[in-house]
Amino acid sequence: MKSELQKIDCASCGKPFETSFCPNCGERRLSEKDFSAFSLINDFVVDVFNIENKFWRTLKSFFIKPATYVDEYIKGARKKYISPIKLFLIANAWYFLFPAINTFKTTWYTQLNGLPYSFLTNSVLNVLSFF
Ligand SMILES: [Zn+2]
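Going by my numbering, the first residue of the sequence shown is number 480, and it counts up by one from there.
Here it is, written out as C-alpha cells:
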C-alpha cells in the first residue's frame, strides 16, 4: 500500500515535490512531530553537539592508522575524511582555546595537582614507580 503525499513547494529551493525529501535539494518534508517541544530540543542538541561523523572517523584513523588516512586521502577518499588542513586548523583551535591541554608549558606541580586529569598522571606515576 503506497501512501500518497500531498504535493508541496520546497521551503528551501521552491521546487514542488511529492516525496519525503525534495529531489532537488534534499530538504526533508516536515510533519506535525517536527513542531513538538521534543523535536525542537532534539534539533538543538543535534545542532550543538553533533560533529560530522567523518571528523571522528578522521581522528580515529589519524591516531590508530595514520598511514591509512594519508594513503586513502591521497587516493581520493575526500568524502570519507576531512582534509588534513582542516584537521590541522581544528587541532590548533583546540590547542589555543583549551590551554589545559597545553601540557608542554605546565609545571610539574600543576600537572600532578591542578589539572582535571591529574589523578591519571598520579596513577601513571604510581604504576611506573614499580619498575
Ligand atoms: Zn528543495
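Backbone N, C-alpha and C define an ideal beta-carbon position, used for all residues, glycine too.
Contact set for residue i: own chain, Cβ-Cβ below 7 Å, skip 5 residues either direction
i, result
"S597", "Q590, L591"
"S518", "K512"
"T537", "Y548, Y560, I561, L566"
"L604", "none"
Cα-Cα separation, residue i to residue j
i, j, result
"D522", "Y548", "31 Å"
"P545", "C492", "40 Å"
"F577", "I543", "23 Å"
"V571", "R507", "Looking at the sequence shown, residue 571 is not Val but Asn. Each residue's alpha carbon lies about 35 Å from the other."
"N601", "S515", "48 Å"
"I520", "N532", "21 Å"
"K584", "Y552", "33 Å"
"G593", "F610", "26 Å"
"F534", "C501", "27 Å"
"S510", "S499", "10 Å"
"P622", "D488", "Past the edges of the chain, shown from 480 to 610, lies residue 622, and the structure says nothing about it."
"K558", "L484", "32 Å"
Cβ-heavy atom distance, residue i to ligand 1, below 7 Å
i, result
"S499", "no"
"E551", "no"
"K486", "no"
"K494", "yes"
"E506", "yes"
"N479", "The structure shown has nothing for residue 479, since the chain only spans 480 to 610."
Contacting residues, own chain, Cβ-Cβ under 6 Å from residue i (five flanking each side not counted)
i, result
"I569", "none"
"K486", "P495, E497"
"G555", "none"
"F427", "Nothing about residue 427 can be reported from this structure: the residues present for the chain run from 480 to 610 only."
Limits of the unbroken alpha helix (DSSP H) element including residue i
i, result
"K554", "545–554"
"L607", "597–607"
Subject >> Contiguous alpha helix (DSSP H) assignments of at least 4 residues, all confined to the region 500–534 >> reply: 516–528
Original post:
Taking only runs of the alpha helix (DSSP H) that begin and end inside the region 556–592, which ones reach a length of at least 4 residues, in chain order?
Top reply: 563–576, 587–592
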